[in-house]
Every structure is written in structure tokens, then in C-alpha cells.
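See structure below.
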Amino acid sequence: MLVSEGRPAPGGADDAVTYALAMALPTPRENTTAIVTGASSGIGAEMARELARRGHGLTLVARREDRLLALAAELTQASSVRVEVIAADLTDADSRGDLPALLASRGLTVDILINNAGFTTMGPVSNADRAAELALVRTNVEAVVDLCDLFIPGMLTRHRGAVLNTASTAAFQPLPGQASYGASKAFVLSYGRALAAELRGSGVSVTTLCPGPVETGFAEAAGMTDEEAAESLPKVMWVPASDVARAAIEALAAGRTVVIPGAANRVGAGLAHLAPKSILVPLMAKRHPALHADRGTPPGPPSDSDGGSH
Ligand SMILES: NC(=O)c1ccc[n+]([C@@H]2O[C@H](COP(=O)([O-])OP(=O)(O)OC[C@H]3O[C@@H](n4cnc5c(N)ncnc54)[C@H](OP(=O)(O)O)[C@@H]3O)[C@@H](O)[C@H]2O)c1
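Listed below in C-alpha cells is the structure:
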């Protein structure tokens, strides 16, 4: 694990003049930080920008240190907040386990935890790359549980904290073609809802973010071209990463349990949740581009239609 630091914060709570919009979030102080995992691109980078605008000191976590450092430089210049960079692979339990001591040694207390790092695999389970599937479960599920276990007890002791876990609209129904991804996000949604109920009234809130499709490095990381990603779901469902991040942090500030950015995605998630799965799921298997015969991965007849990648 590599650790780098941005410049120190100029002051404590009195400097948090941009904070007025977010009264339900813990007030930023000189020695408090918001951890954002998966901050090296996409939604995580935008959530970091949103929190910096609100005066929160940040700890940015992902593997690509160069991208984290570039974002840290941008944020310290634009918002005068303290930004620390920790280059870590979240599949690694030891790297995750080192985080509390690392932050404590810098005199930092975690008031906000954003578990956002994640990725998807594509294609039928029968063709799965075992290592990639296990890395997915470790990143999308194990790391979320582990970081909650590591940081929520301290928040509870202080009666102060806000947690946001990034799931997906893929959480509302099984997703053939991305079976382990859909299941991982269903886990995150179920876990977040339960945690929110357990912590009600404790001073610690838990919000689950469920975006639909968003243009980020996500599809590319899954081996899809931009064109394939854009064609996989209707245009009306695509929401820019900056809008998703703003909706997420506003929901976190309001103490909401679940947030689904974009009206079309809210309708889609509601329908997917209610639809009989015996009809919906086989239909989705027929329509998912990663299960098309022309990608060399059966099952079912070829289709001229789409299916989803979020
Ligand atoms: N884009 C969408 O359509 C969409 C829709 C719904 C939900 N989501 C969810 O939103 C979250 C953010 O995705 P995004 O769309 O912003 O995609 P992205 O641009 O690819 O960002 C993914 C982030 O996760 C980090 N990450 C992945 N594996 C990691 C690991 N082992 N250790 C540490 N960091 C890791 C990546 O950083 P490094 O590569 O530098 O490690 C990157 O910062 C994910 O949980 C994703 O499932 C995305």
C-alpha cells in the first residue's frame, strides 16, 4: 500500500463556510476525513469533488496512485481542503486492515465512509475467469463489509458518521451475463438497508446509491467498447457521473436510505423489483449483449436487442 499526502487543511470547522447545504452530514473539522474508495475515476472522483466543495477533508483510495494524486492536487487548489491519497488494492484484506492505523497515525478520524470501488465481469458463468470473479466478490462485497466493520464502531462511539455504499440498479433483479456483479450489488443494497435500520437514531446514517448506466471507466474496465456500452441501454437511462455524485451526496446529507439517480432509473428499478422474476430474468438473458452468440458465448437465440451493463 502506498500513501501520499496533499497539503494540510487551513483550519477547522470555522473554515467550513461551504458546508451550509449539508447540515445532516458531520461538520468537517481539521482532524476529520471522508474516505472515498474508487476515487481514481468516474463516480468516486465526482463524489470526492462534491465533498470537497462542501469543505470535507478527503482520503482518496484506489490502485492508480497517479490519478489519485492528480485529483488531490485539483481539489486542494479548488477547495482548500486537506486531501490524502492511499494507493491500495481493496481485494487485499491486509491493505484494508492497515487503513485505520494509517489514518490514526496522521491524527485523522473517519466521519464519512464512501464504499464506491467496484467493477463488473461480463459473460456467462460457464466461461468465467475464476480470479476475476473472486476479485469482484472481494472488491464489491468483502471490502464493503470490511470497511464498515473497521470504521462504523468508531462513528458509533462518537455518535457521528455517514456511510454511503455504491450498489446499482442491477441490485433490483438478477442480471444474467453479469451474474456475480448483479448479485454483489443486491448484497450491497440488502446490507445497506439492514445497516441503516440497525443504526437508526445512533447519529450514524447509511445510504445506498443505486445508479443506472453512467459513462465512466466502468464499461471499458469490463472490456466493452464505448459504442457497445452506449447501445446496451436506452439513452434516457444514462445519467452523467457529476449528477449521480450530486444526488448521492445530497441523499447522504439528508440521511436517505436509498437513492436512485434519474427518473427513468427509478421507474425501471421499481418495475424490475415488482416484475415476476420467472418472466423477467429469462428475458434479460436473451437480451444481454455479453450473452449474444456473436460474442462466442451462447445461451439462447441471438437477439438484435439490448440488456444492460450497469
Ligand atoms: N458506470 C456505471 O454504469 C455504474 C452503474 C451502477 C453502479 N456503478 C458502480 O459505481 C461504482 C463506481 O464505478 P464507476 O462507474 O465510477 O467506474 P470506474 O470509473 O471504473 O471506477 C471504478 C473505481 O473502482 C476502483 N477499483 C476497482 N477495483 C479496485 C480495487 N481492487 N482496489 C481499489 N480500487 C478499485 C477503480 O480504481 P483503480 O482502477 O485505480 O483501482 C476506480 O476508481 C462501482 O461500484 C460500480 O459498480 C457504476
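If you use the working numbering, the sequence shown corresponds to residues 90 to 399, in order.
Even for Gly, the Cβ is constructed at its ideal location relative to N, Cα and C.
What whole-angstrom Cβ distance do Ile132 and Leu202 have, given they're in contact under 8 Å? That belief does not hold up - the Cβ atoms of Ile132 and Leu202 are roughly 15 Å apart, past 8 Å.
Leu197 - containing alpha helix (DSSP H), residue span: Careful: Leu197 lies outside any alpha helix (DSSP H) and carries neither H nor E.
Segments of 4+ residues assigned as alpha helix (DSSP H) that fall wholly inside the region 108–174: Here the runs fully enclosed are 131–142 and 154–168.
Closer than 7 Å by C-beta to Pro265: which residues in its own chain qualify, once you throw out the five before and the five after it? Chain order, please. Val370, Met373, Ala374, His377 and Leu380
Using C-beta distances below 7 Å, list every residue in its chain close to His248, excluding the 5 sequence neighbours before and after it, in chain order. Ser291 and Gly292
Going by C-alpha to C-alpha distance, which of Ala190, Thr180 and Arg195 sits closest to Val234? Thr180
Which residue's Cα is closest to the Cα of Asp332: Gly301, Pro323, Glu317 and Glu309? Gly301
Are there any heavy atoms of ligand 1 lying less than 6 Å away from the beta-carbon of Ser184, as far as the coordinates show? no
Under 6 Å: does the beta carbon of Ile349 sit that close to some heavy atom of ligand 1? No; taking the cut-off as 6 Å, the Cβ of Ile349 has no heavy atom of ligand 1 nearer than that.
Do Leu149 and Ala137 have their beta-carbon atoms positioned less than 7 Å apart in this structure? yes
Return the Cβ separation of Leu322 and Ser273 in integer angstroms, given the expectation that the two are a contact with Cβ distance under 8 Å. Leu322 to Ser273, Cβ: 19 Å. No contact.
What residue does the beta strand (DSSP E) around Asn254 start on, and which one ends it? Asn254: member of the beta strand (DSSP E) spanning Gly250 to Thr255, first to last residue.
On the DSSP letters alone, give me the boundaries of the beta strand (DSSP E) that Ser215 sits inside. Counting along the chain, Ser215 falls outside any beta strand (DSSP E), and DSSP gives it neither H nor E.
Counted within 10 angstroms of its Cβ, other Cβ atoms place Gly312 as buried (16 or more) or exposed: exposed
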